[in-house]
Structures are given as C-alpha cells and as structure tokens.
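Taken in sequence, the protein lines are chains P and S.
Going by my numbering, the first sequence opens with residue 1, and the numbers climb by one from there.
Going by my numbering, the second sequence opens with residue 339, and the numbers climb by one from there.
No residue lacks a Cβ here, since even glycine has one placed at the ideal position from N, Cα and C.
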Amino acid sequence: MADPATLAEESKHNGGGSHGSSSGAHPSGAGQPPLQAAGRLGAGIARAGGRALDAGRSVAGAALGKLVDRAREALTADLDDRDPDYIRENLPLSWLAATLWYRAEVRNMGNVPEDGPVLLVGNHSGGNMAPEVIILPLAFSTFFGVERPFYQLAHNLVLASPVGPFLRRYGTMAASHEHATRALEAGAAVLVFPGGDWEVHRPSWERHKVDLAGRKGWVKLALANDVPIVPVVTVGGQETALFLSRGGWLAKLSGADKYLRLKVIPISIALPWGLNVGDLLGHIPLPAKITIEVLAPIDLREQFGPEPDIDEVYEHVTGIMQDALSGLAAERRFPVIG
Amino acid sequence: MRLNQSIVIAAPPKLVWDYITDPANVLHYMSGVTRWEVVGEQRTGLGARYRMLIKVGSAEVGGLIEVVEFTNERDMAWSSVTGVDQRGRWRVRELGPDRTRVELRFAYGVAGSGLVGYLSELVAAPGLGTHMRRSLQQLKRQVENQRLREVAERRRAEREGATA
C-alpha cells in the first residue's frame, strides 16, 4: 500500500507547487489591477489544473497499487486457498472438457503412491491452453478423491491473470522452491512442469520431444524433501494449434525476459485469432486426442545412492520420459485425431 | 441420474447372492470397474466398506462406499462416503426353480454442480448403461457356468457312488 500513498503524496506536492507559483505572481503584480485579475484567474486555473492532476495521479496510483497488491497476493502460497468442495463441484466441468473435447485417456494413475508427499514431474504442451492442466488434476481428484491434497506449480503470470483466483482454489501455486516445500512438508502431492513456458510453446514439429530446458530445480526439491518422483508424460497437446516459434528473440527485444520472467513470446496459428502472437488471451484449442501416461515412481536415494548426482538424475528421468513419450507418439496415427 | 438394468439368470437366488456379495468376484464380472478393495476388517454384509473406481469417459471415478442395506438373498444397497455421489442396489428375486431375476440400480451425480453437473450425468449415462448391461451379462455367464459345474460335480459324484 506504500506505493499508491507515495504517489498520491507526490501529486499533492506537485499541485501545491503550481499554487505557490501563482501566489508568487501576486506581489509582483501589485498596483496593476488588470494584471492582478489575470494573475488571480491564472492562479485559479492552475489550482483547478493541479487538483485535476492530483485526482488523476491519485486514481492512477491507487489503481497501480491495487494491481501490484493483487499480483503480490497472487504470488503468495497459502495452502488453505485450495478448496476441495469447489474442486468437487467443478469435477463435472473438467470431466466434460476432458471426455468430449480431448477424448482424454489417463493411464496408470495407480503408479502414484497411495499416500504421502510425492512430486509429479510432467512435460508441458499446448501453449497457454495446456490440456494436461485440466486433465491431470481431474484424473488425480477422481482417482484419489478431492480429500487428498494436490497442488500444481504455475508461472507467476498465470496466477496474476484474471483466472488466477480460480486456479488457486484448485491448488495452483506460484512456482517456487519455498511454496513446493511447504506443500510437500504438509504431505501433499505436487505437480510441476519444469519446462514451463519454454517447453509449452515449442514448435509443433517438436511435439514428441521432452524439453525441460535443463531446469533441475525439481531434482533438488525432491532430494531436499526426500520424496519420490513420479514422471508424467502427455502426448497430443502440441497439436491443439500450429505452434510456429517460441519467439525467444521477441522476448529479449521487448525486455519481457527481464521484467516478466518470460523467456518466450510465442507465435502460433490458432483459433480464433489466426496469427497469434504472445497467446496472452489464450486460444480455442483444437480437439486433439490427449493421452497421459503416469510412469512408475522413482525413489532417488534408493536408485542413485545417499547423495545422488543432480545431472545424472535429470538425464535419467528425462530419458525415461522421452522413451515413454516416443512410445505414446508411435501409437498415434494422425495428428489431432490421435 | 438413475440407471436400471436387469437380467434373468438360470440359477437359484442363493448362488447369485453368494456370487455378488463376495468382493473377490467383483472385478471378474463388473465391467469398467478397475478397483474394488475391502476397507477395514469386514469383507461383506451391512457396514462393509470398499474403495472402488469405475472408468467413466476420461476418468476413473469412485471413492469409498459403504453397504447400507443387506437383506439376505434379496437386497444389497450401497452409498458413497467419499468421492462422486452414488447409490447402488442389487435386487435378487426368485422367479421359479433355478430362475432368478437380478436387477442392478445405480444413481450418481455431484451435489452442487448445477446445470453442468446434470449435463455431465446425461453424457455419462450411455457409457455407464453399457457397463451395467455387460456386468449383468458377465454375471449371468459366470453364475450359470458355476451352476453347471456344480450340477456336473453332483452327477459325477452320483455316478461314482453308483459304480462303487
């Protein structure tokens, strides 16, 4: 709240300055009534202008402050924001989208350990309308029940967007080591897409490639909390539009990589826009068949010893994810149709 | 949404009843059911609890259910404790010697889900109806096979008794 207050204070001083200068005109015009009148009129106009400016600045400052507050609030992680009743009441909506639109198939959800904290690591596809974001939480909630806490890590911008408040009720949190640790310590299952914006906007011709962009925070997270990793692989998401380029050069040129943590400004051909730059408003995804396979859980210390090598774990997990994705891709006969 | 299917089985009610109330048999005849596990000490009867899942569209749906009515060789009803709301009932009625009518009723939904919930119930109905029909057909086949095996066993025992 300090920001809008400071702005409002500054605008007051600015308005006062214009008033002061008009007062200063009065002595110099003494003994010259027409000039005095003109001076008073000028001072009045200046005061009115100053007040209008004050009001304008205050409104702008307050609005900006509200936006900043809202964004800050969206990026915090209160585990209580997840609302099991809300999720339960909205299961039919997710189920309709998954069943009718995506003809989704989720295999081996039983590979997720029955209870306790677990880190689900998935590949990410489909731009800002990634289908697995709907299908995986649905499959998890119907399989284990909405009573089992399940959180998903998402990009800051997603949570700061207008859909952020709804997503928070589903258990979506701003992606950070601290937030994920808090959820895992509470015994929850946490879903992370390490490839994030880099992977989700990859070109359509790389649709059968797992590309976590060398991000290894999830390995450190699993080791620090001593929780098993369950890799999850999705195929079909990159066929929901024609993704042409990540537009990394555009992100650098515009400064979005620095200020918004956006490494990409994707360029695609998507409904209803045609040429879609940025995908900020989302798009209507094509009804591509989505298949998700949950792979066997990996206990890192059991498999790699008491002090696992981060790079080795990363290579191993991304390797088995790629094998599974290639297997799912081989089952597909046609794009979109599946 | 409530669905209802029935079938006539050439076997006495006791055989049908014993078959459907044994949780070990459920995965053998219930179409679409991917999990049916006993929760707690009690395997069957009033108060028995099961963790179950059935494939409906894109999801495996279910939860914890509890047997809330158990009238021997006649009625068994269950209700959901967690998960999607559901109520189910087996009605077993004798039609004559070695003829039993078996009815399976299933009601489901999500309280508070409104119009979208109703729409999803409509969309799910044909698939669930197919599961129920297949389940009854598989139940009929398995129970009648068991009946034939029992009759054959008895005849064999009688023949062996006669030759002895």
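Legend entry - Assumed close pair Val406(S), Tyr388(S) - CB separation to whole angstroms, cut-off 8 angstroms: The Cβ separation is near 12 angstroms, so there is no contact.
Legend entry - As assigned by DSSP and simplified to three states, the class of Lys393(S): Lys393(S) falls in the strand class under three-state DSSP.
Legend entry - Assigned secondary structure, Met339(S) (DSSP; H/G/I helix, E/B strand, else coil): In this structure, Met339(S) counts as coil in the three-state DSSP scheme.
Legend entry - Straight-line gap, Arg148(P) to Arg182(P) (C-alpha atoms, nearest Å): 16 angstroms
Legend entry - Those runs of the beta strand (DSSP E) which lie wholly inside the region 210 to 236 of chain P and span at least 3 residues: Qualifying beta strand (DSSP E) stretches, in chain order: 229 to 235.
Legend entry - Check whether Lys263(P) and Asp211(P) have beta carbons under 8 angstroms apart: no
Inset, instruction - Please state if the CB of Ile265(P) and the CB of Asn276(P) are separated by a distance shorter than 8 angstroms. - result: Going by C-beta atoms, Asn276(P) is not nearer than 8 angstroms to Ile265(P).
Inset, instruction - Please list, in chain order, all residues of the same chain as Gln238(P) whose beta carbon is under 6 angstroms from its beta carbon, the five residues on each side excluded. - result: Contacts found: Ser125, Ser204, Arg207.
Legend entry - Run of the alpha helix (DSSP H) containing Phe243(P), from where it starts to where it stops: Bounds of any alpha helix (DSSP H) do not take in Phe243(P); it lies within the beta strand (DSSP E) bounded by 242 to 245.
Legend entry - Range covered by the alpha helix (DSSP H) that runs through Trp428(S): Here Trp428(S) belongs to no alpha helix (DSSP H); instead the beta strand (DSSP E) covers 423 to 434.
Inset, instruction - Could you tell me whether any Cβ in chain P is nearer than 8 angstroms to the Cβ of Gly370(S)? - result: no
Inset, instruction - Report yes if the CB atom of Ser396(S) is closer than 8 angstroms to the CB atom of Ala130(P), and no otherwise. - result: no
Legend entry - Check whether Val354(S) and Val481(S) have beta carbons under 8 angstroms apart: yes
Inset, instruction - Return the CA-CA distance between Val448(S) and Val146(P), expressed in angstroms with no decimal places. - result: 12 angstroms
Inset, instruction - Could you pull out every unbroken beta strand (DSSP E) segment of at least 3 residues lying fully inside the region 96 to 132 of chain P, listed in chain order? - result: 105 to 107, 118 to 122
Inset, instruction - Could you check what DSSP says for Arg412(S) in three-state terms: helix, strand or coil? - result: coil
Legend entry - Arg261(P) beta carbon less than 8 angstroms from that of Asn128(P): Going by C-beta atoms, Asn128(P) is not nearer than 8 angstroms to Arg261(P).
Inset, instruction - Would you list the residues sitting across from Phe150(P) in a DSSP beta bridge? - result: Answer is Ala189(P), bridged to Phe150(P).
Inset, instruction - Return the residues of the region 373 to 403 of chain S that lie within a Cβ-Cβ distance of less than 9 angstroms from chain P, sorted by chain order. - result: Arg373, Leu391, Val394, Gly395, Ser396, Ala397, Glu398, Val399, Gly400, Gly401, Leu402
Inset, instruction - Buried or exposed for Pro33(P), please, with buried defined as at least 16 other CB atoms from any protein chain shown within 10 angstroms of its CB. - result: Confidence at Pro33(P) is low in this model, with a pLDDT of 49, below 50, so its placement is unreliable and no value can be given for it.
Legend entry - Neighbour list for Ser458(S) in chain P, Cβ cutoff strictly below 9 angstroms: Leu91, Pro92, Leu93, Trp95, Leu96, Thr99
Inset, instruction - For the alpha helix (DSSP H) holding Thr359(S), just list the boundary residues, first then last. - result: DSSP places Thr359(S) inside the alpha helix (DSSP H), whose first and last residues are 351 to 359.
Inset, instruction - Look at the alpha carbon of Ser369(S) and the alpha carbon of Glu491(S), and state the distance between them as a whole number of angstroms. - result: 29 angstroms
Legend entry - Distance CB(Leu184(P))-CB(Val227(P)) smaller than 8 angstroms: Cβ atoms of Leu184(P) and Val227(P): closer than 8 angstroms.
Legend entry - Member of Thr409(S), Asp423(S), Gly434(S), Arg427(S) whose CA lies at the smallest distance from the CA of Trp416(S): For the residues Thr409(S), Asp423(S), Gly434(S), Arg427(S), the minimum Cα distance to Trp416(S) belongs to Arg427(S).
Inset, instruction - Check whether the region 319 to 335 of chain P touches the region 162 to 180 of chain P, counting contact only when three or more Cβ pairs, one atom from each stretch, lie closer than 8 angstroms. - result: no
Inset, instruction - Return helix, strand or coil for Gly145(P), following the three-state DSSP convention. - result: coil
Legend entry - Whole-angstrom distance between Gly383(S) and Phe408(S), CA atom to CA atom: Inter-residue distance for Phe408(S) and Gly383(S) is about 6 angstroms (C-alpha atoms, whole angstroms).
Inset, instruction - Would you check if the distance between the CB atom of Asn225(P) and the CB atom of Pro306(P) is smaller than 8 angstroms? - result: no
Inset, instruction - Could you name the residues that DSSP lists as bridge partners for Ile269(P)? - result: Leu242(P), Leu275(P)
Legend entry - Contact under 8 angstroms by Cβ, Ile87(P) with Ser141(P): yes
Inset, instruction - Quick one: residues in its chain with C-beta nearer than 6 angstroms to the C-beta of Arg340(S), no 5 flanking neighbours on either side, listed in chain order? - result: Ala445
Legend entry - Rounded C-alpha distance that separates Val422(S) from Ser451(S): 11 angstroms
Inset, instruction - Using only alpha-carbon positions, find the residue among Ala502(S), Met414(S), Gln475(S), Arg494(S) that is nearest to Tyr367(S). - result: Considering only alpha carbons, the answer is Gln475(S).
Inset, instruction - Report the three-state DSSP secondary structure of Ser21(P) (helix, strand or coil). - result: Reliability of the predicted coordinates at Ser21(P) is poor, the pLDDT of 35 falling under 50, and no value is obtained from them.
Inset, instruction - Measure the C-alpha to C-alpha separation of Ser245(P) and Pro272(P) and round it to an integer number of angstroms. - result: 18 angstroms
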